[in-house]
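A.B. asks: Residues in the sequence shown are numbered from 1 upward in steps of one, following the UniProt record's numbering. All C-beta atoms in this analysis are idealised placements derived from N, C-alpha and C, irrespective of residue type, glycine included. From a predicted model like this one, the values you see are computed outputs, not experimental measurements. Below are the structure tokens for one structure; questions will follow.
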Amino acid sequence: METAPLKLSQFSKGGGCGCKIAPAVLQQIVHTDAVTSFPELLVGNESNDDAAAYRIEGDTAIISTTDFFLPIVDDPYDFGRIAAANAISDVYAMGGSPLMAIAILGWPIEKLPVEVAREVLRGGRAVCAEAGIPLAGGHTIDSSEPIFGLAVTGSVKVHHLKRNDGAQEGDVLYLTKPLGVGVLATALKRGVLEEAHYEGLMAQMTRLNKVGAQLGLIAGVHALTDVTGFGLLGHLHELCAGSGLSAELQYGALPRIGGLETYLQQRTIPDATFRNWNSYGKEVSFGKGVNVMEAFNLLPDPQTNGGLLVAVAPADTATVETLLRAEGLYASPIGTMKAAGEKRIEVML
């Protein structure tokens with residue numbers, strides 16, 4: 001009798017960026033009253049940004065970040081590719097370029113063969129090579145669940161460094177990739193995802209957000225972040241709160257991944273969606289005509305290696321749209337930044 005093949009996702013209670021700690025709990029963990037001044041630290045914990053940035057000399061800063069998670073797919077090579085692309089994205093989301101990465105690997109040695117772990121690393125190396133950087137080393141532990149990710153070092157000119165708290169009133173919002181990754185990934189875990197939709201899901205989760213380095217060169221890009229485990233709702237809220245503004249989101253303009261409606265109807269909703277809504281939902285209002293029940297499932301849907309969320313001065317929207325189209329990315333506005341109101345995010349039809 002043949003033994004059923006092992007599926008990586010069976011070892012994870014929440015795969016990809018959906019296994020992040022809930023935002024409200026995370027704030028309790030990282031809160032501190034200790035204040036230590038490092039003048040060359042340009043970006044630290046204070047802004048909930050994508051990575052840390054430290055000026056090393058003159059106009060050059062080093063970007064440092066780490067990201068790792070449990071399997072979101074069963075194929076180990078694909079898992080490695082997704083985790084690597086997701087970790088490198090944090091450097092691009094600061095307007096920087098990656099320099100090198102080191103691996104973070106936790107592996108249940110008694111449950112999964114070392115050959116499977118080798119495939120995970122092979123996938124990670126493939127994406128690092130695509131980004132033009134070495135996977136230069138790393139650290140491993142024997143763990144109860146398979147974990148993989150990277151610590152990534154990048155660089156950026158200080159005047160090109162982008163934060164998530166610099167948006168200005170009147171800025172136009174863009175999102176470079178469609179939403180719905182968490183819904184489709186949950187469908188995959190439940191065994192109902194169609195093959196055609198799997199291909200689209202993989203293409204999105206393994207695509208590098210390289211355009212972030214080019215966006216960093218545009219002065220009118222006032223704020224930049226990537227949309228990951230807290231969903232569009234959470235990462236837009238961080239951008240709004242950090243900038244002291246509100247956002248008007250055009251719900252009908254939001255890009256959606258292929259097949260999304262099918263799986264929304266099947267209710268393949270990740271648990272992290274509800275955690276995200278509980279953390280940010282009180283800061284959202286809905287205009288007439290918006291499908292609120294659908295929005296409850298889409299706006300907080302956790303993305304893994306999601307798109308870049310960009311706040312752009314009106315004078316530079318044509319430049320940004322031309323760049324995004326040239327890269328084959330979504331290039332239509334999804335909203336605008338406005339003066340702070342009663343709610344941080346107003347969702348209009």
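(1) Drop a sphere of 10 angstroms on the beta-carbon of Ala84, count the other beta-carbons inside from all chains shown, and report buried for 16 or more, exposed for fewer.
(2) Could you tell me which residues DSSP pairs with Lys338 in its beta bridges?
(3) Reducing DSSP to helix, strand and coil, say where Leu264 ends up.
(4) Within this structure, are the beta carbons of Ala331 and Glu321 separated by less than 9 Å?
(5) Mapping the DSSP letters down to three states, classify Glu321 as helix, strand or coil.
(6) On the three-state DSSP scale, how would you describe Glu327?
(7) Between the Cα of residue 355 and those of Gly220, Leu184, Gln266, Gly307, spot the shortest distance and give me the residue it belongs to.
(8) Could you check whether the stretch 277-290 touches the stretch 228-235, counting it as contact only if at least three pairs of C-beta atoms, one from each stretch, sit closer than 8 Å?
(9) By DSSP's criteria, Tyr54 is part of a beta bridge. Which residues make up the other side?
(10) Kindly list the residues whose CB is nearer than 6 Å to the CB of Pro255, restricted to its own chain and excluding five residues on each side of it in sequence; keep chain order.
(11) Does Gly138 come out as helix, strand or coil in the three-state DSSP assignment?
(12) Skipping 5 residues on each side, what residues in its chain have a beta carbon closer than 8 Å to that of Lys343?
(13) Can you tell me whether DSSP reads Glu194 as helix, strand or coil?
(14) Put Leu239 into one of helix, strand or coil per three-state DSSP.
(15) Measure the alpha-carbon distance for Gly244 versus Ala340 and round it to whole angstroms.
(16) Which residues does DSSP pair with Leu224 in a beta bridge?
(17) Please report how far the alpha carbon of Tyr263 lies from the alpha carbon of Phe79, in whole angstroms.
(18) Tell me which residue opens and which closes the alpha helix (DSSP H) that Phe274 is part of.
(19) To the nearest angstrom, how far is it from the Cα of Pro300 to the Cα of Ala129?
(20) Name the DSSP bridge partner or partners of Leu150?
(21) Cβ of Val127 within 9 Å of Cβ of Arg55?
(22) Checking the sheet assignment: what are the DSSP bridge partners for Pro98?
(23) Of all the options Leu323, Glu346, Ser155, which has the alpha carbon lying nearest to the alpha carbon of Ile334?
(24) How should Gly289 be labelled, buried or exposed, when 16 other C-beta atoms within 10 angstroms of its C-beta is the threshold for buried?
C.D. replies: Result, derived from the coordinates:
(1) buried
(2) Ser246
(3) helix
(4) yes
(5) helix
(6) coil
(7) The requested residue 355 does not occur in the structure, where the chain is confined to residues 1 to 349.
(8) yes
(9) Leu41, Ile62
(10) Pro178, Tyr330
(11) strand
(12) Ser246, Glu283, Val284, Ser285
(13) coil
(14) helix
(15) 6 Å
(16) Val310
(17) 22 Å
(18) 271-280
(19) 32 Å
(20) Asp67, Ala103
(21) no
(22) Gly154
(23) Glu346
(24) exposed
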